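Its first residue numbered 1, the sequence shown is counted upward by one per residue in UniProt numbering.
Beta carbons are placed, not taken as given, at the ideal position from N, Cα and C, and that holds for glycine.
All values derive from a computational prediction rather than experimental measurement.
Take a look at the structure set out below.
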Amino acid sequence: MIRQRQIQCLKLLDICPYRSRKDINPERVEGTCEWFVKHNLFRDWADSARSSLLWVSADPGCGKSVLSRFLVDHVLRNDPKRVVCYFFFKEDFPDQRTAAGAICSILRQLFTLQPGLLNEQIISEFENEGARLTESFSSLFELFLRVASGRKFQLLCVLDALDECQEADRRELVAALSKFYMNPPDQFALKFIVTSRPYIQIERGFRQLETSWPTIHLRGEDDSQATKIAREIDIFTRSRVRQISVSLGLGEDETKFLETEVMRTENRTYLWVKLALDVVENILSFTKDNVEEILGSIPEGLDRLYERILNRSYDVVMARKLLHIVIAASEPMTLKQMAMALAVSEKHQKLGDIQLEPLDRFKDTLRATCGLFVTVIDDKIYFIHQTAKEFLVPNDAGQQITQPRRMEDGSKEPFLWKNTFNSVDSQSILAESCIQYLRLWYGPDNLERAREAPGLSFYPYAALYWHGHLQNSNASFKVNCSALAESFCEVICDDSFSSGQESGLYGSKHERSWFSFWLFTYFGRPLPAKPTPLIVAASCGLETVAKSILNSQCPIRCGPDECHRSPLWWAARTGQNEIVRLLLSSRPEIRATVNELQDNKTPLMVAAFYGQSSTVHTLINNCEVQLSLHDSNSMTALHHALKERHEEVAQMFLDREEIFCNATDHQLWMAFKFSIQNGYTRMSLTIARRLKPDFLRACRLSPILFTATEYLPASNSAEYPKLDLLKSIHDIGNSDPSFEDENHRSAVWWTSELPDNLDVLKWLLSELSLEPDVADRWGQTPFLRVAANNSVAKMKILLETGNININSPDHQNRTPLIHAVLTTGYSDDQQMRDAVSLLLSNNANTDVQDTDGRTALMHASEAGYQDVVNLLIDHGASLDLKDDFGQTALMLAREVNRYNMDPDDIDFETRWVSSSLHSNEGSVHARIVNRLVKAGAEDGGKTPKG
Numbered sequence: 001m002i003r004q005r006q007i008q009c010l011k012l013l014d015i016c017p018y019r020s021r022k023d024i025n026p027e028r029v030e031g032t033c034e035w036f037v038k039h040n041l042f043r044d045w046a047d048s049a050r051s052s053l054l055w056v057s058a059d060p061g062c063g064k065s066v067l068s069r070f071l072v073d074h075v076l077r078n079d080p081k082r083v084v085c086y087f088f089f090k091e092d093f094p095d096q097r098t099a100a101g102a103i104c105s106i107l108r109q110l111f112t113l114q115p116g117l118l119n120e121q122i123i124s125e126f127e128n129e130g131a132r133l134t135e136s137f138s139s140l141f142e143l144f145l146r147v148a149s150g151r152k153f154q155l156l157c158v159l160d161a162l163d164e165c166q167e168a169d170r171r172e173l174v175a176a177l178s179k180f181y182m183n184p185p186d187q188f189a190l191k192f193i194v195t196s197r198p199y200i201q202i203e204r205g206f207r208q209l210e211t212s213w214p215t216i217h218l219r220g221e222d223d224s225q226a227t228k229i230a231r232e233i234d235i236f237t238r239s240r241v242r243q244i245s246v247s248l249g250l251g252e253d254e255t256k257f258l259e260t261e262v263m264r265t266e267n268r269t270y271l272w273v274k275l276a277l278d279v280v281e282n283i284l285s286f287t288k289d290n291v292e293e294i295l296g297s298i299p300e301g302l303d304r305l306y307e308r309i310l311n312r313s314y315d316v317v318m319a320r321k322l323l324h325i326v327i328a329a330s331e332p333m334t335l336k337q338m339a340m341a342l343a344v345s346e347k348h349q350k351l352g353d354i355q356l357e358p359l360d361r362f363k364d365t366l367r368a369t370c371g372l373f374v375t376v377i378d379d380k381i382y383f384i385h386q387t388a389k390e391f392l393v394p395n396d397a398g399q400q401i402t403q404p405r406r407m408e409d410g411s412k413e414p415f416l417w418k419n420t421f422n423s424v425d426s427q428s429i430l431a432e433s434c435i436q437y438l439r440l441w442y443g444p445d446n447l448e449r450a451r452e453a454p455g456l457s458f459y460p461y462a463a464l465y466w467h468g469h470l471q472n473s474n475a476s477f478k479v480n481c482s483a484l485a486e487s488f489c490e491v492i493c494d495d496s497f498s499s500g501q502e503s504g505l506y507g508s509k510h511e512r513s514w515f516s517f518w519l520f521t522y523f524g525r526p527l528p529a530k531p532t533p534l535i536v537a538a539s540c541g542l543e544t545v546a547k548s549i550l551n552s553q554c555p556i557r558c559g560p561d562e563c564h565r566s567p568l569w570w571a572a573r574t575g576q577n578e579i580v581r582l583l584l585s586s587r588p589e590i591r592a593t594v595n596e597l598q599d600n601k602t603p604l605m606v607a608a609f610y611g612q613s614s615t616v617h618t619l620i621n622n623c624e625v626q627l628s629l630h631d632s633n634s635m636t637a638l639h640h641a642l643k644e645r646h647e648e649v650a651q652m653f654l655d656r657e658e659i660f661c662n663a664t665d666h667q668l669w670m671a672f673k674f675s676i677q678n679g680y681t682r683m684s685l686t687i688a689r690r691l692k693p694d695f696l697r698a699c700r701l702s703p704i705l706f707t708a709t710e711y712l713p714a715s716n717s718a719e720y721p722k723l724d725l726l727k728s729i730h731d732i733g734n735s736d737p738s739f740e741d742e743n744h745r746s747a748v749w750w751t752s753e754l755p756d757n758l759d760v761l762k763w764l765l766s767e768l769s770l771e772p773d774v775a776d777r778w779g780q781t782p783f784l785r786v787a788a789n790n791s792v793a794k795m796k797i798l799l800e801t802g803n804i805n806i807n808s809p810d811h812q813n814r815t816p817l818i819h820a821v822l823t824t825g826y827s828d829d830q831q832m833r834d835a836v837s838l839l840l841s842n843n844a845n846t847d848v849q850d851t852d853g854r855t856a857l858m859h860a861s862e863a864g865y866q867d868v869v870n871l872l873i874d875h876g877a878s879l880d881l882k883d884d885f886g887q888t889a890l891m892l893a894r895e896v897n898r899y900n901m902d903p904d905d906i907d908f909e910t911r912w913v914s915s916s917l918h919s920n921e922g923s924v925h926a927r928i929v930n931r932l933v934k935a936g937a938e939d940g941g942k943t944p945k946g
């Protein structure tokens with residue numbers, strides 16, 4: 001059963017195919033990457049037993065991603081005490097640009113490599129939180145640190161191309177790493193290698209770390225390292241020349257000639273060498289004159305090389321359209337999708353009119369059109385390198401060049417391609433391809449649509465992204481397409497027009513309507529929704545279309561869906577803020593829906609639930625919107641924002657006094673709980689100050705107790721430690737710290753159970769004078785719990801109170817000593833030995849038998865804890881007590897080892913034991929048998945089990 005639950009957790013973490021995306025990067029050529037693996041900074045990082053971070057920066061084209069793959073696949077995996085995880089950021093893939101996605105992938109690898117780490121507690125967190133957990137970077141990073149803590153192995157993580165992570169996520173990730181490495185714990189080793197371009201924004205994020213740890217930054221762009229990288233580029237060049245020599249059948253002198261000619265170019269990068277030699281490999285006739293001419297015409301700089309490649313295009317118009325599409329594509333397109341996107345136009349009247357090249361020929365056309373500027377990997381089209389896209393599109397859209405300009409070096413040849421692509425124009429071009437295709441798909445020729453195999457693969461892309469491209473296109477294109485877009489909004493409301501109904505591509509009939517297909521893809525589950533045209537326009541953010549539908553004065557086109565959810569509700573859910581503004585200023589019957597519960601949520605609630613901050617801001621500033629409305633679970637919009645971890649949205653509500661004036665006591669308590677669970681410490685205090693003492697006493701609720709029961713996410717607790725939060729709550733004066741929960745567990749009990757928080761435990765005991773030894777419903781005291789977790793530091797704190805019954809048993813008659821041996825927590829063998837030793841030195845009774853009749857010695861013998869067995873025997877543990885099945889400690893140890901032990905190995909009269917039972921090569925249970933026999937344990941005959 002637990003294995004199935006683990007599989008479900010791994011599915012939640014499966015956000016992208018991280019392994020295949022890693023392997024898109026080529027493997028290193030033998031002899032390269034040595035500059036890095038031999039560098040002292042890397043060697044110190046790799047050999048250190050402490051947590052450490054190494055940031056590796058280098059200019060574009062210097063092989064950072066190839067290096068990262070080499071480290072992951074070969075260098076770092078050569079030590080069995082290491083666990084290696086990785087994530088390669090990639091701007092081409094939306095699912096590879098987020099910090100949360102990176103931690104999800106790393107956790108998935110960690111749990112796959114070490115399944116035991118995915119324990120009951122973590123599984124429960126995933127089951128309770130679901131997608132909310134996998135979308136919250138702070139919660140994921142806190143979980144990651146918790147899983148990594150206390151491990152015997154070193155955890156090594158490689159993050160490649162951090163500069164390709166989206167900016168806000170990158171800042172959050174750098175801040176979290178900096179915060180952790182400013183004061184890393186000694187209990188475990190967590191190491192990160194981060195590669196990126198030498199961007200000032202990343203350097204500023206790590207600057208505080210560099211001040212304290214001057215060895216964290218390995219600058220590949222520095223002259224000393226650049227020289228070593230250049231030597232390895234020479235190795236790569238010779239290797240690539242040998243490959244070309246074999247493929248073209250060159251002679252030895254021709255091979256040497258080619259190598260010499262390529263080596264003439266100074267300041268080569270890996271990328272330049274690859275592109276230049278790819279050009280050579282594709283020439284029709286290999287002669288020295290041709291090679292000299294080709295290499296002589298290849299510019300030394302990447303920009304000029306890119307310009308020269310594109311200038312060779314046989315069809316400039318097609319090349320520009322294709323490049324616009326690659327720039328704008330929301331995900332890399334397949335060859336089939338690109339062929340259809342290029343071919344479809346307004347002149348076509350049905351899908352059957354579109355003529356597509358066979359894919360093998362289209363691949364050749366692609367090469368002839370854009371040369372080496374794009375590449376095809378696993379049937380998908382990419383730019384040859386991130387710098388290729390940067391060459392086409394200026395960082396600032398205002399810098400777009402519409403006229404050819406001169407080269408920077410003063411040459412007369414103008415730039416015809418560099419910075420001549422505007423991303424808005426690219427969006428318009430791809431939007432037109434999608435819209436023209438969908439016009440034919442939803443045309444009257446249904447049978448033709450059903451048989452349309454060549455272009456079928458373009459439907460999922462066009463259906464999902466057409467409106468996004470239209471939203472981001474230029475204003476004139478939006479106006480020109482508004483009538484066609486409006487007709488889509490009409491026709492796709494009809495269930496008879498499906499997204500693959502005849503071919504059975506997308507499941508049940510209800511899921512095959514376009515709207516359900518779209519919702520399923522974006523929200524992860526099918527939703528019953530037969531929309532109206534205005535709902536489609538509102539959900540897709542088509543403001544011009546929405547205005548036109550509203551002006552039609554047709555109630556049916558503007559009404560709710562089959563579940564009574566209004567256009568305003570859908571606009572709020574999908575975060576279409578401009579549409580929300582439009583609808584709030586429209587007809588009274590549409591505005592009236594703003595305070596209606598629809599699917600148990602008002603528009604404000606659903607916007608808060610999905611974290612649509614700009615939409616929430618619009619709604620809460622509208623005088624008609626009631627902020628204190630609640631759903632059937634008494635949850636207001638504030639509660640939904642808190643529960644779903646949308647901190648910015650929650651703060652918008654807390655900044656308004658009416659939230660507190662209209663909230664019930666129970667609603668305030670619920671808001672406090674959510675804020676504590678999310679680690680929103682300052683919000684927690686704001687709400688705690690509004691909690692009424694009479695209410696808390698009547699319901700026996702304690703903010704101090706509840707705070708003690710919760711973890712605080714690492715990203716927040718470092719800024720506002722848990723002890724400071726508890727002190728601030730206590731200073732408010734409305735919380736009784738002595739209250740217990742429904743299971744009679746006190747703040748001391750929970751602080752003892754949860755990891756760390758030594759300072760909190762001391763404060764509760766010394767400053768608040770709380771009872772240290774109160775048992776819960778199952779008879780387990782705080783001391784018993786810390787013993788079970790082998791937390792020696794906490795055991796000492798509790799013992800110092802002088803009020804601890806060290807032998808206090810729970811309802812299974814298991815004492816702290818027995819629980820210390822039965823531990824299933826995060827402790828290791830040394831922690832268990834220390835815990836047992838502390839208990840024994842404080843006169844713990846070794847012979848207490850639990851409800852199964854078993855002593856600590858029996859449990860240790862069966863589990864194979866040899867050092868603990870030695871400690872217990874040395875402190876006088878009885879050897880021949882029997883459990884309820886008639887088994888002694890010796891019999892339990894022999895039972896486990898029965899397949900590896902010969903009955904003649906032991907002579908009980910002389911206490912002779914075969915050497916195989918006390919040698920280092922023997923099993924641990926055999927050595928335990930040897931120790932028990934030598935200590936005087938009796939045979940007792942065969943065990944009742946055989």
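#1: Find the nearest neighbour of Met683 within the set Ala671, Pro555 and Val344, judged by alpha-carbon distance.
#2: Can you tell which of Glu596, Leu335 and Asp939 has its C-alpha closest to the C-alpha of Gly886?
#3: Any idea what DSSP makes of Phe421, helix, strand or coil?
#4: Measure the C-alpha to C-alpha separation of Ile659 and Ser735 and round it to an integer number of angstroms.
#5: Can the beta-carbon of Gly130 be found less than 9 Å from the beta-carbon of Leu12?
#6: Leaving out five residues before and five after Val836 in sequence, what residues of the same chain have Cβ atoms less than 6 Å from its Cβ?
#7: Can you give the Cα-Cα distance for Ser717 and Pro782, rounded to whole angstroms?
#8: Tell me whether the region 337–354 and the region 427–444 touch, counting them as touching only if at least three CB pairs, one residue from each stretch, are closer than 8 Å.
#9: Suppose contacts are defined by Cβ-Cβ distances below 9 Å. Is Leu642 in contact with Asn600 by that definition?
#10: Just to confirm my understanding: we take Ser48, look at its own chain, exclude 5 residues before and 5 after, and list those with CB closer than 8 Å. What are they?
#11: Return helix, strand or coil for Cys165, following the three-state DSSP convention.
#12: DSSP beta-bridge partners for Gln598?
#13: Between Ser196 and Asp160, what straight-line distance do the alpha-carbon atoms span, to the nearest angstrom?
#14: For Ile354, does the count of other Cβ atoms within 10 angstroms reach 16, so buried, or fall short, so exposed?
#15: Sort Glu164, Arg170, Val147 and Asn78 by Cα distance to Ala99 and report the nearest one.
#16: From Met263 to Arg238, what does the alpha carbon distance come to, in whole angstroms?
#17: Can you have a look at Tyr865 and say buried or exposed, based on whether 16 or more other CB atoms are within 10 angstroms of its CB?
#18: When you compare each of Gly779, Glu596 and Ser791 to Thr815 by their alpha carbons, which one comes out closest?
#19: Would you identify the three-state DSSP class for Thr686, choosing helix, strand or coil?
#20: Based on the DSSP output, what are the partners of Arg82 in its beta bridges?
#21: I'd like to know whether the C-beta atoms of Leu351 and Trp441 end up nearer to each other than 9 Å.
#22: By Cβ distance, which residues of its chain are closer than 7 Å to Val29, with the 5 residues on each side in sequence left out?
#23: With 16 other CB atoms within 10 Å as the buried threshold, where does Asp44 fall?
#24: Thinking C-beta only, is Tyr437 closer than 9 Å to Tyr465?
#25: At the level of alpha carbons, what is the spacing between Ala148 and Val933?
#26: Taking contact to mean at least 3 C-beta pairs separated by less than 8 Å, is the region 358–365 in contact with the region 478–485?
#27: Taking its Cβ as the centre, do 16 or more other Cβ atoms sit within 10 Å of Asn930, making it buried, or is it exposed?
#28: My output table needs one value for Ser68: the three-state DSSP class, helix, strand or coil.
#29: State the Cα-Cα distance for the pair Leu758 and Gln187, rounded to the nearest angstrom.
#30: Which one of Pro693, Leu696 and His646 has the shortest CA to CA distance from Glu135?
#31: Give the C-beta separation of Leu839 and Leu817 to the nearest angstrom, bearing in mind that I take them to be a contact with Cβ-Cβ under 8 Å.
#32: Kindly give me the distance between the Cβ atoms of Tyr382 and Val374, rounded to whole angstroms, as I take these residues to be in contact under 8 Å.
#33: Go through the region 809–881 residue by residue and report every complete run of the alpha helix (DSSP H) that reaches 4 residues or more, in order.
#34: Where in the region 599–682 do unbroken runs of the alpha helix (DSSP H), each at least 4 residues long, occur, reported from the N-terminal end onward?
Concretely, from the data shown:
#1: Comparing Cα-Cα distances from Met683 to each of Ala671, Pro555 and Val344, the minimum goes to Ala671.
#2: Among Glu596, Leu335 and Asp939, the Cα nearest to that of Gly886 is on Asp939.
#3: Coil, per DSSP.
#4: Ile659 and Ser735 have their C-alpha atoms spaced approximately 22 Å apart.
#5: Yes, the Cβ-Cβ distance between Gly130 and Leu12 is below 9 Å.
#6: Within the same chain, Val836 has close Cβ partners Ala820, Val868 and Leu871.
#7: Here Ser717 scores only 43 on pLDDT, less than 50, and its place in the model is too uncertain to base an answer on.
#8: Contact between the region 337–354 and the region 427–444 is present, because at least three Cβ pairs lie under 8 Å.
#9: Not in contact: Leu642 and Asn600 (Cβ atoms no closer than 9 Å).
#10: Excluding sequence positions up to five before and after Ser48, its CB lies within less than 8 Å of the CB of Ala189 and Lys191, all in the same chain and listed in chain order.
#11: Here Cys165 sits in coil by DSSP.
#12: According to DSSP, which records beta bridges pairwise, Gln598 is partnered with Lys601.
#13: Straight-line measurement puts the Cα of Asp160 at about 7 Å from the Cα of Ser196.
#14: It counts as buried.
#15: Of the listed residues, the one whose Cα sits closest to Ala99 is Arg170.
#16: As the crow flies, the alpha-carbon of Met263 is around 9 Å from that of Arg238.
#17: By the 10 Å Cβ count, Tyr865 comes out buried.
#18: Per the Cα distances, Gly779.
#19: Of the three classes helix, strand and coil, the one that applies to Thr686 here is helix, per DSSP.
#20: Looking at the DSSP assignment, Arg82 forms a beta bridge with Gln154.
#21: Going by beta carbons, Leu351 and Trp441 fall inside the 9 Å limit.
#22: Closer than 7 Å at Cβ, skipping near neighbours: Ile235, Phe236 and Ser239.
#23: Answer is exposed; the Cβ neighbour count stays below 16.
#24: Contact flag unset, no.
#25: When rounded, the distance between both Cα atoms is 40 Å.
#26: No contact exists between the region 358–365 and the region 478–485.
#27: Buried, since its Cβ has 16 or more Cβ neighbours within 10 Å.
#28: It is helical.
#29: In a straight line, the C-alpha of Leu758 is about 15 Å away from that of Gln187.
#30: Comparing C-alpha distances from Glu135 to each of Pro693, Leu696 and His646 shows the shortest one belongs to His646.
#31: A Cβ-Cβ separation of about 5 Å places Leu839 in contact with Leu817 under the 8 Å criterion.
#32: Between Val374 and Tyr382 the Cβ distance is about 7 Å, and since that is below 8 Å, they are a contact.
#33: Runs of the alpha helix (DSSP H) lying entirely within the region 809–881, each at least 4 residues long, are 816–821, 829–841, 856–863 and 866–874 in chain order.
#34: The qualifying runs are 603–609, 613–620, 637–643, 647–654, 657–662 and 665–677.
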